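Here's the structure we're looking at; comments come further down.
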Amino acid sequence: MSKQTYADKQENTIRFNVKITSPKPPFIAFGHLKGKHAQETEMIMLDQGQASIKRKIPAKLQIASFGEIPVLVSEGGVVNLSIELLKERIAGHAYIARFKGINAFKQSIPYQISSLYRISVEDLKMMDAEALRKCFLEKGRQAQQLIRKAKVEDPKERSLLLRYESVLRVLAIGAFNRAHETKQDISAEIYTALLEAYNFKGENLNRICQGNTMDSYVQILLAGKSRPSDARLKKMELLLTDRNQFVIQRYVIAEFRAMFRPKGLTPELDAFYSKLKLACTDAEILKELDQFYTYQVNLMPGKPATDFALRDWNGKMVKISDFKGKMLVIDCWGTWCSGCLENLPFFEKIAEGYKDSTDIVFMTMALEPEDGLSWRQYIKEHHMEKGIHLHIPNVETDPVWGLLRNVYQLDTYPRYMVIDRQGNFIDAYLDYPMFPVFKEKIDRWYKEKR
1 MSKQTYADKQ ENTIRFNVKI TSPKPPFIAF GHLKGKHAQE TEMIMLDQGQ
51 ASIKRKIPAK LQIASFGEIP VLVSEGGVVN LSIELLKERI AGHAYIARFK
101 GINAFKQSIP YQISSLYRIS VEDLKMMDAE ALRKCFLEKG RQAQQLIRKA
151 KVEDPKERSL LLRYESVLRV LAIGAFNRAH ETKQDISAEI YTALLEAYNF
201 KGENLNRICQ GNTMDSYVQI LLAGKSRPSD ARLKKMELLL TDRNQFVIQR
251 YVIAEFRAMF RPKGLTPELD AFYSKLKLAC TDAEILKELD QFYTYQVNLM
301 PGKPATDFAL RDWNGKMVKI SDFKGKMLVI DCWGTWCSGC LENLPFFEKI
351 AEGYKDSTDI VFMTMALEPE DGLSWRQYIK EHHMEKGIHL HIPNVETDPV
401 WGLLRNVYQL DTYPRYMVID RQGNFIDAYL DYPMFPVFKE KIDRWYKEKR
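For the sequence shown, position 390 matches number 390 in the UniProt record's numbering, and the numbering has no gaps at all.
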């Protein structure tokens, strides 16, 4: 029977009483656990550079954070903390943290360990790889002294603190490499060797709720364990190796989704998806991934375009199916989108070249507020009234907007799609019209009577 620690008991809570004095930035990030592998980051606005924050979260073993200040929390209780912006950095810190209360020293251990590993650029420049290793040994000895002084006896707490120290060492290795870039006296082999002992294993990574720190940790390890010439998917495969569910959910899945935006589903993404499904063990996440993947499959060439209706410039309802028998070219844009506005004149110019053709239609769909005032004004000012322009109301509850977000995966702008005479996709992720390949493809498909 496994021993349940006090930190695991769900009825306990941790209360935070935090006072912050910081003229800039006007907010601070509060990071903490939300679920087994999920974290939550709350952006807390400061009132004239000050705030008195009170928060309560379930008592789970973790390193929570307020900005760059990490806090060890486990058993239920209170964290009393004051944070103040320094006029000048001290030991690499832009802020000074003061912990108060019965468990203050223990709660401050991650903060104190992070201070140990804030090594100046000047010192790093003077070190070689062996000197850095010796430095780590000394820092590790000091960290152990802090842990003993705090009387950290729970093995789970000790394990988390040691994992946090390993994360800080990776950040220090990254800083060491950058410090030597100008001299180029640290080879890629030495850099890789320094990172060899570090990996993405262990659930403790998901308990370190310090977003910027963890982002840097992942990027440094990826850079050290891959080659600059490696493709993005090759680097993502490295993150799957240790099957860390936190890393997979926070970094791999987000990157995987983003890689569909330029071209949709490719053979490379299809092959990677099989590996991702084997590495991910969360049933809910797998269900969401399967749905996302199915949507992408249904956007491939030859798949039927799901019908929908939107109001045009004149208030008339227009359906996609109204254009069956014609080739349909769609520009998804918005007046708020600089890339959209940059490409729109190119789209309109290409459309103008087909104005006498009755079997091809160029149409725009703009995501705009419900009143559509900016959209209507833009169309009028740019003399676009003769074209077919549809309005996507930016309303979360609008069913058509929901369909476009999900079925069409319309979550980035601009986006260009082409539908053939039978109502099937030719390309759901066409290149931007500012590039010659856009017109070349349209001309070719039109000649082929697609």
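We put the CB at the ideal spot given by N, CA and C, even for glycine.
Note that this is a predicted model, so its numbers are computed, not measured.
- With 16 or more other CB atoms across the displayed protein chains lying within 10 angstroms of its CB, M327 is buried.
- In the structure shown, R243 falls within a coil segment according to DSSP collapsed to helix, strand and coil.
- For S52, the number of other beta carbons within 10 angstroms of its own is below 16, and it is reported as exposed.
- Secondary structure note for G31: it is in no alpha helix (DSSP H), and the uninterrupted beta strand (DSSP E) holding it is F27 to L33.
- Taken atom to atom, the span from the alpha-carbon of S65 to that of K225 is near 28 Å.
- Looking from the CA of N12, the closest CA among Y354, E75 and L276 belongs to E75.
- Inside the segment 64-121, DSSP marks whole beta strand (DSSP E) runs of 3 or more residues at positions 69-73, 77-90 and 93-100, from first to last along the chain.
- If you check the CB distance, L403 and N206 do not come in under 9 Å.
- In this structure the segment 190-199 does not touch the segment 138-149; the number of beta carbon pairs closer than 8 Å is below three.
- Distances from the CA of F246 to each of F260, D215, D270 and L269 were compared; the closest alpha carbon is that of D215.
- By the 16-neighbour rule on beta-carbons within 10 angstroms, I426 is buried.
- DSSP places L367 within a strand segment (E or B) once states are collapsed to three.
- For N212, the number of other beta carbons within 10 angstroms of its own is below 16, and it is reported as exposed.
- Judged by beta-carbon spacing, K54 lies within the 9 Å limit of V18, meaning their Cβ atoms are closer than that value.
- Around the beta carbon of D290, a 10 Å sphere encloses fewer than 16 other beta carbons of the protein chains shown; the residue is thus reported as exposed.
- Distance between N298 and C209, taken at the CA atoms: about 37 Å.
- Ranked by how close their Cα comes to the Cα of P267, the residues L233, L240 and Y251 have L233 in first place.
- Cβ atoms of L390 and M365 come within 8 Å of each other, at about 5 Å.
- If you ignore the 5 residues before and after N343, its C-beta comes within less than 7 Å of the C-beta of P414, Y432, P433 and M434, all in its own chain and listed in chain order.
- Unbroken alpha helix (DSSP H) stretches of 4 residues or longer found wholly inside the segment 276-306: 283-297, given in chain order.
- The residue from K449, P304 and A279 with its alpha-carbon nearest to that of T358 is K449.
- The DSSP-derived three-state label of E42 is strand.
- In this structure, DSSP gives N199 a state outside helix and strand, which the three-state scheme calls coil.
- Assignment of beta-bridge partners to D331 by DSSP yields T364 and Y416.
- Of all alpha-carbon atoms in A351, M45 and D443, the one lying nearest the alpha-carbon of T21 is that of M45.
- Residue environment for S108: buried (at least 16 other C-beta atoms within 10 angstroms of its C-beta).
- Annotated as distal: I57 and L160, with beta-carbon spacing of 9 Å or more.
- DSSP, read as helix, strand or coil, puts D123 in helix.
- Bounds of the alpha helix (DSSP H) holding P436 are P436 to K447.
- According to the DSSP assignment, F346 belongs to the alpha helix (DSSP H) that extends over S338 to E352.
- Judged by their CB atoms, L240 and V170 are not nearer to each other than the 9 Å cut-off.
- Short of 6 Å from the beta carbon of L367, and not among the five residues preceding or following it, lie these beta carbons of its own chain, in chain order: G334, I392 and N394.
- Put simply, the backbone Cα of I350 is about 38 Å away from that of E288.
- For K106, the closest of R118, M126, L373 and D154 by C-alpha to C-alpha distance is D154.
- Restricting attention to P301, Q249, V167 and P228, the CA atom closest to the CA of K277 is found in Q249.
- Apart from sequence neighbours up to five positions away, the residues of its chain that approach R158 with a beta-carbon distance below 7 Å are I147 and V152, ordered along the chain.
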